[in-house]
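Residue numbers (this note's numbering): 62 to 416.
Note that CB positions come from ideal geometry on N, CA and C, so glycine has one too.
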């Protein structure tokens, strides 16, 4: 038996912030970071919240287990009727873990301010164990938000390099979902539409085009729904390992790894077929090689360096720990091809030593 389920209600189009009227008069804890809390963007949210509001603005990139514990304490003290995550993947993942770990599990609303993670519609949250320097993907239906609000106006001030990094994350989500072991006709439809939309829109989005950014936001959401159902794979497993060790942007790591991963996975016939469908959807020759080459060209156009900004010696020293972390990552089992330690090491060495 197979299953495909969608829980979050998604609000988009004209004036999507009107959806917050459902929280009128309620106690709301907003989870965000210090920059967004003081940027003025949060004022658009607060204007819709007529009940008591408290802001937990301590979120940092790659939220740690300690941060989540602080957030749970804030939940316990304020006792909100709902939690609202405002920001990119880090605030959303932190808020998910807070609600999941807290005693009362308040409903979570998400408002993404970047187009990349798709966290607003997934049962995934990625935390960092700072003591061990590893990322810990959590996967549980209890992490699914209640609702997501997609407002492209919130993306206006996102810098080009962040748009590029997060956009490559969208493409990776869709590409991995398209060939993952849990893929179905439902997830395939979302993955293919998300991939082709992001592939066509990302160059213009990175130059500030608002329409392209709006399309990227929808593509990110669709890719999130796709991988939430189908799974991810070795690209994300390695990106999590690298991010935990070197603290580099997650989307940028995926951008470096994805072309190599496509070549590796394409030795599986079903994966090769899935990559071929993605390539055709983008107007390319329908084969994995054309897809990998096009992603490499796109990466260059977005001014993303092709190699890790660490020395070859540093990477080799870290290789055993990185390999162990990738093999233990929760995203790996959905990969279409069986992955061994030697495969991980070979793939990492292909992108390493650019500093």
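Euclidean distance between Cα positions of residue i and residue j
i           : j           : result
residue 272 : residue 75  : 13 Å
residue 331 : residue 325 : 13 Å
residue 303 : residue 221 : 23 Å
residue 132 : residue 145 : 13 Å
residue 315 : residue 163 : 32 Å
residue 187 : residue 124 : 8 Å
residue 180 : residue 405 : 26 Å
residue 73  : residue 286 : 15 Å
residue 411 : residue 253 : 27 Å
residue 77  : residue 280 : 17 Å
residue 166 : residue 160 : 5 Å
residue 170 : residue 278 : 16 Å
residue 383 : residue 389 : 10 Å
residue 68  : residue 122 : 26 Å
residue 333 : residue 352 : 10 Å
residue 99  : residue 93  : 10 Å
residue 217 : residue 70  : 24 Å
residue 22  : residue 182 : Residue 22 falls outside the range modelled here, since the chain spans only 62 to 416, and no answer is possible.
residue 362 : residue 97  : 29 Å
residue 31  : residue 256 : In the structure as shown, the chain begins at 62 and stops at 416. Residue 31 is therefore absent and cannot be evaluated.
residue 85  : residue 112 : 6 Å
residue 95  : residue 172 : 16 Å
residue 374 : residue 114 : 50 Å
residue 196 : residue 148 : 20 Å
residue 385 : residue 379 : 10 Å
residue 364 : residue 263 : 13 Å
residue 323 : residue 62  : 28 Å
8 Å Cβ cutoff met for residue i and residue j
i           : j           : result
residue 230 : residue 311 : yes
residue 238 : residue 245 : no
residue 116 : residue 91  : yes
residue 275 : residue 198 : no
residue 342 : residue 336 : no
residue 413 : residue 369 : yes
residue 408 : residue 318 : yes
residue 299 : residue 176 : no
residue 242 : residue 292 : yes
residue 60  : residue 110 : Summary: the structure shown does not reach residue 60, with the chain confined to residues 62 through 416, and so no result is reported for it.
residue 267 : residue 225 : yes
residue 89  : residue 143 : yes
residue 400 : residue 295 : yes
residue 65  : residue 250 : no
residue 284 : residue 235 : yes
residue 42  : residue 305 : Since the displayed the chain opens at 62 and closes at 416, residue 42 lies outside it and no answer follows.
residue 282 : residue 211 : yes
residue 178 : residue 150 : yes
residue 360 : residue 367 : yes
Residue i in three-state terms, based on DSSP
i           : result
residue 203 : helix
residue 115 : strand
residue 125 : strand
residue 365 : coil
residue 83  : helix
residue 240 : helix
residue 68  : coil
residue 220 : coil
residue 102 : coil
residue 168 : coil
residue 371 : coil
residue 408 : helix
residue 232 : helix
residue 197 : strand
The alpha helix (DSSP H) enclosing residue i, as first and last residue numbers
i           : result
residue 304 : 295-307
residue 392 : Unbroken run through residue 392: none, as it is neither H nor E.
residue 341 : 330-342
residue 274 : 271-291
residue 251 : 246-267
residue 320 : 311-326
Range covered by the beta strand (DSSP E) that runs through residue i
i           : result
residue 212 : Here residue 212 belongs to no beta strand (DSSP E), and DSSP marks it neither H nor E.
residue 147 : 143-148
residue 399 : Careful: residue 399 lies outside any beta strand (DSSP E) and carries neither H nor E.
residue 188 : 185-190
residue 120 : Careful: residue 120 lies outside any beta strand (DSSP E) and carries neither H nor E.
residue 90  : 89-92
Is the stretch 98-105 touching the stretch 128-138, taking contact as three or more C-beta pairs under 8 Å?
no
Is the stretch 198-209 in contact with the stretch 150-163, if contact means three or more CB pairs nearer than 8 Å?
yes
Is the stretch 346-361 touching the stretch 391-399, taking contact as three or more C-beta pairs under 8 Å?
no
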